[in-house]
Amino acid sequence: ISVHRTFRKRMALKISVHRTFRKRMALTEAVIRDETGNIKAVWFNQPFIAKNVSEGSAVLVSGKIAKGPGGNYLQNPSYERVGARAIHTGGLVAVYPESWGITSRWLRYLISQFIGLRAHIKDSLKDSVRVRNQLPLLGDALYNIHFPKTKKDAETAERRFSFENLFFIQLRALRERGRLKQNHAPKIPLDVSLIKKFTASLPFPFTDAQRRSLWEIASDMAKPSPMNRLLEGDVGSGKTVVAAAAALLAARAGYRAVFMAPTEILARQHFATLEKFLSPFGVSLGFCTGAEKRADRADIVAGTHALIQKNISFENLGLVVVDEQHRFGVRERAHLVKNGSEEIPHFLSMSATPIPRTLALTVYGDLDLSILDEMPKYRKAVITKVIDSRGRADAYQRIREEVLKGRQVFVICPRIDLPDPNASATKRAYQQKLLLSEVKSVKEEYKKLSEGVFKDLRVSMLHGKMKAKEKALVMERFRRQESDILVSTSVVEVGIDIPNASVMMIEGAERFGLAQLHQFRGRVGRGADQSYCFLFSTEDGIAARRLRAVEEAKNGFELAQKDLEIRGPGDFFGTAQSGFSRDLLKGVSDPELVRAARREAIEILRADPALSDSPEIKKRLAEFEAVHWE
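So, in structure tokens, the structure goes:
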């Protein structure tokens, strides 16, 4: 337990600086006196304090009380001279994200010099909006977020800024939706007879959720304005077959459809799935990536997201289906359309990450939602176990038993993010080092299993430094059951379909988010056999409790809600996937605040679509878009 105390208007009796013998560390010590007695204050590696605090001066000191050989002392306390307005001690003190040379103390001082100008800043929210939602004035919120007198002051200010962020996210999404509706799209007839023939040809029945979602999608495609829809469902809920039915409708109406996936492995899998489902209906299929082009005049083309960057365009494009990529606006669609076309294709995004509704409304407010909240009845629930060091041998034995039955196994090593091509050279070098560490961890795990634990079994390896052809070859061998165990990075997180795989083993499971672990788990249990997911962890406490949630959750939506509560919306998605910073999404945890912000945005655009009568809102929205969407 940390004990903090503030000593008000106390005298610094004595102050000295010396270096410790072993660590060569500068130690600044001062004796502080108040009416109750004396206490020592100690600062580590801050010799400049002796110049700032002179002996005999009156100071305010606030900090953690620690115990040492000589009794209690204040450890690295904050301090300031008596006389100035206290901003570093004596109450709630703002703490900011720090970097080398930029400290919270320096930022507090800098902000205190300008906070008096807050009354001159125009409020971007109308008075009526503020009053309805019980929000403070912008100036008051600015002061109380930096220098709150009470916890309630800080919470009220934070609520104001959360509302404002949500409001402008919604405003932008709704305006984007309105702009999209002004474009023309192909009217693709809703052919009920064709849909019935398609569903009857499948080796499994459609769930009610699949029927409902396909009806919503087909109804949108029959309209003259572009569809903009997110098909969201748990792993194994049948999203791809629903999208295949939509592509069939487009092809039979004389239009082309494009399926795009984030990786070449997944794009090839989509191609194989489409071929299996649609070949009986006489539609032609093509495959197209940056390295390989077999699209020709195919009715339906599968490829990677790189399709929009390869100057490839399609005549009579009616439908674009994108897997795990929800930001796909008019500009991106235009890349795929032949020059001269006045029509914008319909757009369907698929996501295997179940997203809590309030978060989906915020992050994807410009998309309509179709939700597959029902699993096919033939799928067995995957048995999930958190494994500590004591249970490792038993888990290995279970894996061996499954392989001897003819089943296959995925082994996932801890994830390290891939380098960002837009990052600085220093950051890219650091990320490249992390990527090499990830490859090293895969190679070490591969060596441990192939030369030790499972040396009598066929073990293969997959990682991010391999070329696309090498990856495809490894996956194809695994798919043909020429390999028993595949040691991999998180490349198998999304979409990989190996029905014969019955065990998912995840090393360092505490390094992944709950929703991501659920994605891994969804790679097994796709056949008729009982499947297992082993979460190997070396940590106890909070990390272990988080992993227990994966054991207990009945479905991905329930787990996603827990993940959102545990990690917050920013970490749930990550900036790369959502396009938003962590701070921008703070308010998502408050469903009522999300609904209120959306209501106000809808009302303002209903009364004033061009925002002509709301210049401050229009200006703030432009600034907001420049900062968060550039």
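In UniProt numbering, the protein residues as written are 1 to 630. Cβ atoms here follow ideal geometry from the backbone N, Cα and C, with glycine treated the same way.
So for Asp140, helix, strand or coil by DSSP?
Correct three-state label for Asp140: helix.
Would you check if the distance between the CB atom of Phe198 and the CB atom of Leu248 is smaller than 8 Å?
Cβ atoms of Phe198 and Leu248: closer than 8 Å.
When you compare each of Leu27, Ala509, Arg229 to Gln46 by their alpha carbons, which one comes out closest?
Ranking the options by Cα distance to Gln46, first place goes to Leu27.
Along the chain, where does the alpha helix (DSSP H) containing Ile387 start, and where does it finish?
Element bounds for Ile387: not the alpha helix (DSSP H) but the beta strand (DSSP E), 383 to 387.
If you compare alpha carbons, which of Asn52, Leu317, Met25 is closest to Ile15?
With distances taken between Cα atoms, Ile15 lies closest to Asn52.
Under 8 Å between the Cβ atoms of Ala154 and Leu92?
In contact: Ala154 and Leu92 (Cβ atoms closer than 8 Å).
With a Cβ-Cβ cutoff of 8 Å, do Val409 and Ala528 count as a contact?
No.
Considering only C-alpha positions, which residue in the set Met475, Arg379, Ser537 is nearest to Val235?
Measuring from the Cα of Val235, the nearest candidate turns out to be Arg379.
Since Ile412 contacts Ser488 with CB under 8 Å, what's their CB separation in whole angstroms?
That pair is a contact at about 6 Å.
Using a 10 Å radius around the Cβ and a threshold of 16 neighbouring Cβ atoms, would you call Ser25 buried or exposed?
One detail in the question is off: residue 25 reads as Met in this sequence, not Ser. Exposed, since its Cβ has fewer than 16 Cβ neighbours within 10 Å.
Which partner residues of residue 631 appear in the DSSP bridge assignment?
Residue 631 lies beyond the stretch modelled for the chain, which goes from 1 to 630, so this question has no answer here.
According to the neighbour-count rule (16 or more other Cβ atoms, all chains shown, within 10 Å of its Cβ), is Asp127 buried or exposed?
Exposed, by the Cβ-count rule.
Hey, Ala468 and Glu264: beta-carbon distance below 8 Å or not?
A contact, by the Cβ cut-off of 8 Å.
Within 10 angstroms of its Cβ, does Pro77 collect 16 or more other Cβ (buried), or is it exposed?
Label assigned to Pro77: buried.
With a cut-off of 8 Å, do at least 3 Cβ pairs link the region 248 to 263 to the region 451 to 462?
No: fewer than three Cβ pairs fall under 8 Å.
Taking DSSP as the reference, what is the three-state secondary structure of Tyr396?
Three-state DSSP puts Tyr396 in a helix.
Assign Tyr430 to one of two classes, buried (16 or more other C-beta atoms within 10 Å of its C-beta) or exposed (fewer than that).
Residue confidence is low: Tyr430 scores 49 on pLDDT, short of 50, so the model does not pin down where it sits. No coordinate-derived value is stated.
Note down the Cα distance separating residue 653 from Arg229, rounded to an integer number of angstroms.
A query on residue 653 cannot be resolved here, the shown segment of the chain reaching from 1 to 630 and no further.
Among Phe277, Gly70, Ile344, Tyr396, whose alpha-carbon lies nearest the alpha-carbon of Pro203?
Taking only the C-alpha atoms, the option nearest Pro203 is Phe277.
By Cβ distance below 6 Å, which residues in the same chain neighbour Ser450 in space, the five residues on each side in sequence not counted?
For Ser450, where only same-chain residues beyond five positions count, the Cβ hits under 6 Å are Val459.
Find the nearest neighbour of Ala66 within the set Leu486, Lys40, His305, Gly56, judged by alpha-carbon distance.
Out of Leu486, Lys40, His305, Gly56, Lys40 has the C-alpha closest to the C-alpha of Ala66.
Less than 8 Å separating the beta-carbons of Ile506 and Leu514?
No, the Cβ-Cβ distance between Ile506 and Leu514 is not below 8 Å.
Rounded to the nearest angstrom, what separates Gly452 and Glu445 at their Cα positions?
Going from the Cα of Gly452 to the Cα of Glu445 covers about 10 Å.
With H, G and I counted as helix, E and B as strand and the rest as coil, what does DSSP make of Ile121?
DSSP places Ile121 in coil when its eight states are reduced to three.
Exposed or buried, which one is Val550 when buried takes at least 16 other CB atoms within 10 Å?
Val550 should be labelled buried.
Evaluate contact between the region 165 to 172 and the region 589 to 604, counting only Cβ atoms and requiring at least three cross-stretch pairs below 8 Å.
Yes, they touch.
Runs of 4 residues minimum, wholly inside the region 452 to 504: which ones carry the alpha helix (DSSP H) assignment?
Correct list: 468 to 479.
According to DSSP, is Thr28 helix, strand or coil?
Strand at Thr28.
Among Asn555, Glu482, Ser99, Ala251, which has the Cα closest to the Cα of Leu372?
The residue with the shortest Cα to Cα distance from Leu372 is Asn555.
Sorted by chain position, which residues of the same chain lie with C-beta nearer than 8 Å to Arg548's C-beta, five sequence neighbours on each side aside?
Here the set comprises Val386.
In the DSSP assignment, find the beta strand (DSSP E) that holds Val411 and state where it starts and stops.
Taken as a continuous stretch (DSSP letters only), the beta strand (DSSP E) holding Val411 covers 408 to 412.
Would you kindly check if the distance between the Cβ of Ala185 and the Cβ of Ser237 is under 8 Å?
No. Outside cutoff.
Identify the residues that DSSP records as bridge partners of Thr304: which are they?
The partner list for Thr304 (beta bridge, DSSP) reads Ala261.
Can you find the residues in the same chain that come closer than 8 Å, C-beta to C-beta, to Lys149, ignoring five residues on each side of it along the sequence?
Within the same chain, Lys149 has close Cβ partners Gly91, Leu92.
Go through its chain and collect everything with a Cβ distance to Ser441's Cβ below 7 Å, but skip five positions before and after it.
Taken in chain order, the residues that qualify are Cys413, Pro414.
So, for Phe520: in the same chain, excluding its five sequence neighbours on each side, which residues have a beta-carbon less than 8 Å away from its beta-carbon?
The residues are Phe410, Ile412, Ser490, Val492, Glu493, Met504, Ile506, Phe512, Cys533.
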